[in-house]
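Listed in order, the protein sequences are those of chains D and F. First residue of the first sequence: 1, per my numbering; consecutive thereafter. First residue of the second sequence: 1, per my numbering; consecutive thereafter. Cβ atoms here follow ideal geometry from the backbone N, Cα and C, with glycine treated the same way. For clarity, every value in this text was computed on a predicted model and none was experimentally measured. I have placed the structure first, in the form of structure tokens, so that the comments after it can refer back to it.
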Amino acid sequence: MTRAITLRRRVEPALIPLINLAAALVLSAIVVLAAGSDPVEAMVVLARGAAGDRASLGYTLYYATNFILTGLAVALPFHAGVFNIGGEGQAYIGGLLASLVCLFIGPAIGWPAIPLAVLAAAAGGALWALVPAWLFVTRGSHVVITTIMFNFIASAVMTFLIVNVLIAPGQSSPESVAFPVTVWMPSLGALLGPSPLNLTFPLALVLAAAVSILLRASRRGFELRAAGANPEAARAAGISTGAATILALMLGGAIAGLVAVNELMGAQHRLLLDFPAGYGFMGIAVALMGRNRPLGICLAALFFGALYQGGTELSFEMPKVTRDIVVVIEGLTVLFCGALENLFRARIARWLGREMVA
Amino acid sequence: MSAAAPAVELRSIEKHFGLVHANRSVSLSLAPGTIHGLIGENGAGKSTLAHILYGTVRPDAGEIRVGGRPIAIHSPRDAMAAGIGMVHQHFMLVETMTVLENLMLGQERGPTLGAGVAAARATLAATARSHDAGLNPDAPVESLSVGQKQRVEIMKALHRGAEILILDEPTAVLTPIEVEALFVELRALARAGKTILLVTHKLKEVMAITDVVTVMRQGAVVAERETKRTTLAELAALMIGRTPRPPSKTPASLGPPILEVDAVSVFDAESIKRVDGVSFQVMTGEIVGIAGVAGNGQAELIEALVGMRAVGAGAIRIAGTDVTMLSVSARRRQGLGHIAEDRLRLGAISTFTATENALLGRQDDADCCHRGLLRRSAVIGTLEEWMRAYDIRPPEPNRRLALFSGGNQQKLVVARELERRPAVLIAGQPTRGVDVGAAELIHERLLALRARGAGILLVSADLDEIRLLSDRILVMCAGRIAGEVDAAADERRLSLLMAGAEAA
Numbered sequence: 001m002t003r004a005i006t007l008r009r010r011v012e013p014a015l016i017p018l019i020n021l022a023a024a025l026v027l028s029a030i031v032v033l034a035a036g037s038d039p040v041e042a043m044v045v046l047a048r049g050a051a052g053d054r055a056s057l058g059y060t061l062y063y064a065t066n067f068i069l070t071g072l073a074v075a076l077p078f079h080a081g082v083f084n085i086g087g088e089g090q091a092y093i094g095g096l097l098a099s100l101v102c103l104f105i106g107p108a109i110g111w112p113a114i115p116l117a118v119l120a121a122a123a124g125g126a127l128w129a130l131v132p133a134w135l136f137v138t139r140g141s142h143v144v145i146t147t148i149m150f151n152f153i154a155s156a157v158m159t160f161l162i163v164n165v166l167i168a169p170g171q172s173s174p175e176s177v178a179f180p181v182t183v184w185m186p187s188l189g190a191l192l193g194p195s196p197l198n199l200t201f202p203l204a205l206v207l208a209a210a211v212s213i214l215l216r217a218s219r220r221g222f223e224l225r226a227a228g229a230n231p232e233a234a235r236a237a238g239i240s241t242g243a244a245t246i247l248a249l250m251l252g253g254a255i256a257g258l259v260a261v262n263e264l265m266g267a268q269h270r271l272l273l274d275f276p277a278g279y280g281f282m283g284i285a286v287a288l289m290g291r292n293r294p295l296g297i298c299l300a301a302l303f304f305g306a307l308y309q310g311g312t313e314l315s316f317e318m319p320k321v322t323r324d325i326v327v328v329i330e331g332l333t334v335l336f337c338g339a340l341e342n343l344f345r346a347r348i349a350r351w352l353g354r355e356m357v358a
Numbered sequence: 001m002s003a004a005a006p007a008v009e010l011r012s013i014e015k016h017f018g019l020v021h022a023n024r025s026v027s028l029s030l031a032p033g034t035i036h037g038l039i040g041e042n043g044a045g046k047s048t049l050a051h052i053l054y055g056t057v058r059p060d061a062g063e064i065r066v067g068g069r070p071i072a073i074h075s076p077r078d079a080m081a082a083g084i085g086m087v088h089q090h091f092m093l094v095e096t097m098t099v100l101e102n103l104m105l106g107q108e109r110g111p112t113l114g115a116g117v118a119a120a121r122a123t124l125a126a127t128a129r130s131h132d133a134g135l136n137p138d139a140p141v142e143s144l145s146v147g148q149k150q151r152v153e154i155m156k157a158l159h160r161g162a163e164i165l166i167l168d169e170p171t172a173v174l175t176p177i178e179v180e181a182l183f184v185e186l187r188a189l190a191r192a193g194k195t196i197l198l199v200t201h202k203l204k205e206v207m208a209i210t211d212v213v214t215v216m217r218q219g220a221v222v223a224e225r226e227t228k229r230t231t232l233a234e235l236a237a238l239m240i241g242r243t244p245r246p247p248s249k250t251p252a253s254l255g256p257p258i259l260e261v262d263a264v265s266v267f268d269a270e271s272i273k274r275v276d277g278v279s280f281q282v283m284t285g286e287i288v289g290i291a292g293v294a295g296n297g298q299a300e301l302i303e304a305l306v307g308m309r310a311v312g313a314g315a316i317r318i319a320g321t322d323v324t325m326l327s328v329s330a331r332r333r334q335g336l337g338h339i340a341e342d343r344l345r346l347g348a349i350s351t352f353t354a355t356e357n358a359l360l361g362r363q364d365d366a367d368c369c370h371r372g373l374l375r376r377s378a379v380i381g382t383l384e385e386w387m388r389a390y391d392i393r394p395p396e397p398n399r400r401l402a403l404f405s406g407g408n409q410q411k412l413v414v415a416r417e418l419e420r421r422p423a424v425l426i427a428g429q430p431t432r433g434v435d436v437g438a439a440e441l442i443h444e445r446l447l448a449l450r451a452r453g454a455g456i457l458l459v460s461a462d463l464d465e466i467r468l469l470s471d472r473i474l475v476m477c478a479g480r481i482a483g484e485v486d487a488a489a490d491e492r493r494l495s496l497l498m499a500g501a502e503a504a
């Protein structure tokens, strides 16, 4: 029995997402069919578009980088019991500070501005998360409300700054002048390209590993999880739950801020309007699907990256499968792998249990 | 009484949970109109049996008969249809709804609520007792005391037509006065012909109220006695399978004061004074008991002592150092230990593993943490030792705490706090929810800590425990120390002080 239970514990986490994914794909196939296209062909185009050649794979990983970052930005505070919906705004403000470093310090000092700008992006995100965190700890303001409102504030502030202050002289499109080439995030396009894949991707993987170590093996991570699981017991154990919450939200914000490094320093090479483009919100789905665990988030991010890239290719090659239908497929995946994660669990647990005891 | 056909009969009930044989051919027969006690240690299988009768657990084999007729109970709905109701240890009430609305849940009797409301009011009127003010049907449940909530639970069962009432550890959450009120209620119900199954491990209560008592041990019924013809000592011996041994208490060898509480006042969130100028000392090598009816400031005093609640006035010193303004962790570094009264609220985290709970509160200690990284294997090693020494079962460090029984959770918390070798220990209800064997073990360990020169402040609602362990007893009433008695003082004097009479 004990052995059956351990086996079940090992098999379940891998099996259930796969079954949910399969359910989502079946439903997606029906949608594609209803739209008048061949679902099998669509699947093949999607897969080829996501990983068919070096460039596609590069793009997939480039998108996945954003998803890893925003997924971690949701998951880390989640372990401390707070729901960070502010990834979007944190990325935006991170982008502001990183751009300022790239535009005004970059020309003077050259490549050392890169690590400086990375730190600035993290600091921007962290500071933008600090205000809601501080309001929560001192005044009890609900983090879901404050972080989502801070997205709007960030958006308004950035629109003002980009349109009125930082806009390139003589330009009508709302974007800054290009960053000097010396501060571009080193590209990995030569490896998997041509694509905007850059050093932010390995950085995101390292961060995922670091978050894993923080949560599982460090004292701070333990305090943070205790504060999330039972704040009163944590306080009785001498843990400052306020400090743990602030730390978690600021770390989450810092990681979200790094989206700017991938997008602006790695791909666009300038500051432009609305660059977070919903990645912050997708982070919620990524964290949900990855069950708030760093490894799970990396896998989920890879999946969403593939869907994003493959979906673009799909709507290009099969006009009947529009961009909207790709969004429906994404939505179904989030629905089955996140929101309906327990749909098949009881049945599978029973089935596994019976199989293994017998 | 025994001549009448049984109201309920369980025959040869078998239940396995994996490798655990929770019920071994259990047979039990309840005579109508009686109060039947079902006692046993934690894990003896009494709760399993109660849940089988109520339909929340399905037996592997066996038969249930109600009124002589065999019936199948697959769900609480079936049980209720057969006239079996259950009052759970943790109340199943909607806090924001009124008493009346809670009674009506699932008994609306039609799309408009008129009939349901009338029926619920009728039940409330029928069960209103002359000896108390009764329950206001329109009071929201969240405004009620614990004892009143339990009455609502009982009424809910009666309103659903229960003839047989199962009560699972009903007194665990009650104050002594509320226990008395509950017993009056139960006696009245039995007189009215209801059959009551009282599942408990408190022998005193079984002796006080039951007509018949069934003892379970390791899943099997080991004895059934008429309460009149048995003794507390016999039941205790049957329950644990040997004669209980009272802890051997050496005379106190007092040292200097280790905990000094000087005119401490504590206010709650609404600025109401809950602790009012309390002063006392605990010497090294001494156990000081704090007795009192729950809600007289003990909980607030403990929270102030351990640093979770700000002190409004006064000073707290540990070994001469003023800790009044220090944080919880700073006080722990000064040698303060704390067994939290409410285990799952303050003492442990049920979603964490046993290992993580063993670490809770020790995360700053050098043997658990090195340069910010946890020393997991060292923590597991220590935990495995505790699991042996305190007989924590099952001995699986990676098991989630919620999957341990209440008694084993408590042993883990007690082990964690005692093995830190605190200079001062604040012990709130240290044996709450544990069985006789485990309580003996915890008492021995507390006395051993005292013998090593620690000072212990024991706060408990269990007067027997206070009298057994304490060298001195302080009685708290309405936020003040109402008086001090020595351990040999008679119970009457203690009760008078607890009730607020002036110290003679």
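Exercise. Taking a cut of 8 Å between CB atoms, which residues from the segment 228-242 of chain D lie near chain F?
Worked result: Result list: 229, 230, 232, 233, 234, 235, 236, 237, 238, 239 and 240.
For this session: Consider the C-beta atom of residue 37 of chain D and the heavy atoms of the ligand MN; say whether any pair is separated by less than 7 Å.
Result: Because no ligand of any kind appears in the structure shown, any question about the ligand MN cannot be addressed here.
Problem set entry | Amino acids of chain F, ordered along the chain, whose beta-carbon sits closer than 9 Å to that of residue 48 of chain D | In the first sequence, residue 48 of chain D corresponds to position 48, counting from 1. What residue 48 of chain D touches in chain F: nothing, since even the nearest Cβ is about 43 Å away.
Exercise. If we cut at 8 Å on Cβ distances, does residue 218 of chain D have a partner in chain F?
Worked result: If you number the first sequence from 1, residue 218 of chain D lands on position 218. So yes, residue 218 of chain D belongs to the interface.
Problem set entry | Backbone secondary structure at residue 67 of chain D - three-state DSSP | Against the first sequence, residue 67 of chain D aligns to sequence position 67. Helix at residue 67 of chain D.
For this session: Can you say whether residue 163 of chain F is buried or exposed, counting buried as having 16 or more other CB atoms within 10 angstroms of its CB?
Result: Here residue 163 of chain F refers to the residue found at position 163 when the second sequence is read from its first residue. Note on residue 163 of chain F: 16 or more other CB atoms within 10 angstroms of its CB, so buried under the neighbour-count rule.
Exercise. Where are the beta strand (DSSP E) runs, 3 residues long or more, that stay fully inside the segment 234-267 of chain F, in chain order?
Worked result: With a minimum length of 3 residues, the continuous beta strand (DSSP E) runs that stay inside the segment 234-267 of chain F are 257-267.
Exercise. Are three or more beta carbon pairs between the segment 353-363 of chain F and the segment 399-413 of chain F nearer than 8 Å?
Worked result: As far as the Cβ criterion goes, the segment 353-363 of chain F touches the segment 399-413 of chain F, which means the pair count is three or higher.
Problem set entry | Candidates D:338, D:333, D:350 and D:165: closest to residue 26 of chain D by CA position | By one-based count along the first sequence, residue 26 of chain D stands at place 26. That would be D:333, whose Cα lies nearest to the Cα of residue 26 of chain D.
Exercise. How would you label residue 74 of chain F, buried or exposed, when you count the other beta carbons within 10 angstroms and need 16 or more for buried?
Worked result: Indexing the second sequence from 1 puts residue 74 of chain F at position 74. Per the 10 Å Cβ criterion, exposed.
Exercise. What residues from chain D crowd round residue 340 of chain F, counting only those whose CB sits closer than 7 Å?
Worked result: Walking along the second sequence from the start, residue 340 of chain F turns up at place 340. Chain D residues near residue 340 of chain F: 236.
For this session: Using a cut-off of 9 Å between C-beta atoms, extract the partners of residue 178 of chain D located in chain F.
Result: Taking the first residue of the first sequence as position 1, residue 178 of chain D is located at position 178. The CB of residue 178 of chain D never comes closer than 9 Å to any CB in chain F; the least such distance is about 41 Å.
Problem set entry | Run of the beta strand (DSSP E) containing residue 195 of chain F, from where it starts to where it stops | Within the second sequence, residue 195 of chain F is the residue found at index 195, counting from 1. Here the beta strand (DSSP E) through residue 195 of chain F covers 195-200.
For this session: Give me the Cα-Cα distance between residue 262 of chain D and residue 87 of chain F, rounded to the nearest whole angstrom.
Result: On the first sequence, position 262 is the one that residue 262 of chain D refers to. On the second sequence, position 87 is the one that residue 87 of chain F refers to. Here the alpha carbons of residue 87 of chain F and residue 262 of chain D stand approximately 59 Å from one another.
For this session: From the DSSP output, in three-state form, read off residue 351 of chain F for me.
Result: As a working note, residue 351 of chain F is residue 351 in the second sequence. Assigned with DSSP and collapsed to three states, residue 351 of chain F falls in coil, not helix or strand.
Exercise. Going by C-alpha distance, which of F:16, F:24 and F:90 is nearest residue 152 of chain F?
Worked result: Numbered from 1 along the second sequence, position 152 holds the residue referred to as residue 152 of chain F. Relative to residue 152 of chain F, the option among F:16, F:24 and F:90 whose CA is nearest is F:90.
Exercise. Does the distance from the CB of residue 336 of chain F to the CB of residue 430 of chain F come in under 8 Å?
Worked result: By one-based count along the second sequence, residue 336 of chain F stands at place 336. By one-based count along the second sequence, residue 430 of chain F stands at place 430. At the C-beta level, residue 336 of chain F and residue 430 of chain F stay beyond 8 Å of one another.
For this session: Please confirm if residue 219 of chain F has its CB atom under 8 Å from at least one CB of chain D.
Result: Start at 1 with the first residue of the second sequence, and residue 219 of chain F comes out as number 219. No, residue 219 of chain F lies away from the interface with chain D (no Cβ there is under 8 Å from its Cβ).
Exercise. Mapping DSSP to helix, strand and coil, what is residue 262 of chain D?
Worked result: Here residue 262 of chain D corresponds to residue number 262 of the first sequence, with the count starting at 1. The answer is helix: DSSP assigns residue 262 of chain D an H, G or I state.
For this session: Could you list which residues in chain D have their beta carbon closer than 7 Å to that of residue 348 of chain F, in chain order?
Result: For the purposes of this step, residue 348 of chain F is taken as residue 348 along the second sequence, with counting starting at 1. Ordered by position in chain D, the residues that pass the 7 Å Cβ test against residue 348 of chain F are 233.
Problem set entry | Distance, residue 228 of chain D Cα to residue 493 of chain F Cα | Here residue 493 of chain F corresponds to residue number 493 of the second sequence, with the count starting at 1. Here residue 228 of chain D corresponds to residue number 228 of the first sequence, with the count starting at 1. Residue 493 of chain F and residue 228 of chain D have their C-alpha atoms some 46 Å from each other.
Problem set entry | residue 43 of chain D (DSSP reduced to helix, strand or coil) | Against the first sequence, residue 43 of chain D aligns to sequence position 43. In this structure, residue 43 of chain D counts as helix in the three-state DSSP scheme.
Exercise. Per DSSP, which one or two residues make a beta bridge with residue 70 of chain F?
Worked result: Here residue 70 of chain F refers to the residue found at position 70 when the second sequence is read from its first residue. Bridge partners of residue 70 of chain F: F:65.
Problem set entry | Interface positions of the segment 312-329 of chain F facing chain D (Cβ-Cβ less than 9 Å), listed along the chain | Against chain D - using a Cβ distance shorter than 9 Å - the residues of the segment 312-329 of chain F are 327, 328 and 329.
For this session: State the DSSP-derived secondary structure class of residue 83 of chain D, mapped to helix, strand or coil.
Result: Stepping through the first sequence from its first residue, residue 83 of chain D is reached at position 83. When DSSP states are grouped into helix, strand and coil, residue 83 of chain D belongs to the coil group.
Exercise. Since residue 83 of chain D contacts residue 279 of chain D with CB under 8 Å, what's their CB separation in whole angstroms?
Worked result: Position 83 of the first sequence, counting from 1, holds the residue named residue 83 of chain D. Position 279 of the first sequence, counting from 1, holds the residue named residue 279 of chain D. Contact flag wrong, Cβ pair sits at about 17 Å.
Problem set entry | Members of the segment 341-352 of chain D near chain F, C-beta cut-off 7 Å | Within the segment 341-352 of chain D, no residue qualifies.
Exercise. Which residues in chain B sit within 7 Å of residue 352 of chain F, going by Cβ to Cβ distance?
Worked result: The structure shown contains no chain B; the protein chains it does contain are D and F.
For this session: Check the Cβ of residue 222 of chain D against every Cβ in chain F and list those closer than 8 Å, keeping chain order.
Result: Along the first sequence, one-based indexing puts residue 222 of chain D at 222. Here the neighbours are 356, 359, 363 and 374.
Exercise. Per DSSP, residue 368 of chain F forms a beta bridge with which residues?
Worked result: As a working mapping, residue 368 of chain F is identified with position 368 in the second sequence. Answer is none; residue 368 of chain F lacks a bridge partner.
For this session: Would you mind listing the alpha helix (DSSP H) stretches within the segment 362-419 of chain F that are 4+ residues and don't spill past its ends, in chain order?
Result: Entirely contained in the segment 362-419 of chain F, the alpha helix (DSSP H) runs reaching 4 residues are, in chain order, 376-389 and 406-418.
Problem set entry | CA-to-CA distance, residue 141 of chain F to residue 276 of chain F, given in whole angstroms | Counting from one through the second sequence, the residue named residue 276 of chain F turns up at place 276. Counting from one through the second sequence, the residue named residue 141 of chain F turns up at place 141. Linking residue 276 of chain F to residue 141 of chain F through their CA atoms gives a straight-line distance of about 30 Å.
For this session: Kindly indicate which three-state DSSP category residue 10 of chain F falls into: helix, strand or coil?
Result: What you label residue 10 of chain F is simply residue 10 of the second sequence in a count that begins at 1. Reduced to three states, the DSSP call for residue 10 of chain F is strand.
Exercise. For residue 131 of chain F, which three-state DSSP category applies?
Worked result: The residue given as residue 131 of chain F occupies position 131 in the second sequence. Any reading at residue 131 of chain F is ruled out, since the residue's pLDDT is 44, under 50, leaving its predicted position unreliable.
Problem set entry | Own chain residues within Cβ distance below 6 Å of residue 130 of chain D, not counting five before or after | Translated into the one-based positions of the first sequence, residue 130 of chain D becomes position 130. Taken in chain order, the residues that qualify are 250.
For this session: Name, going along the chain, the residues of the segment 386-401 of chain F whose beta-carbon falls closer than 8 Å to a beta-carbon of chain D.
Result: So the list is empty, because no residue satisfies the distance condition.
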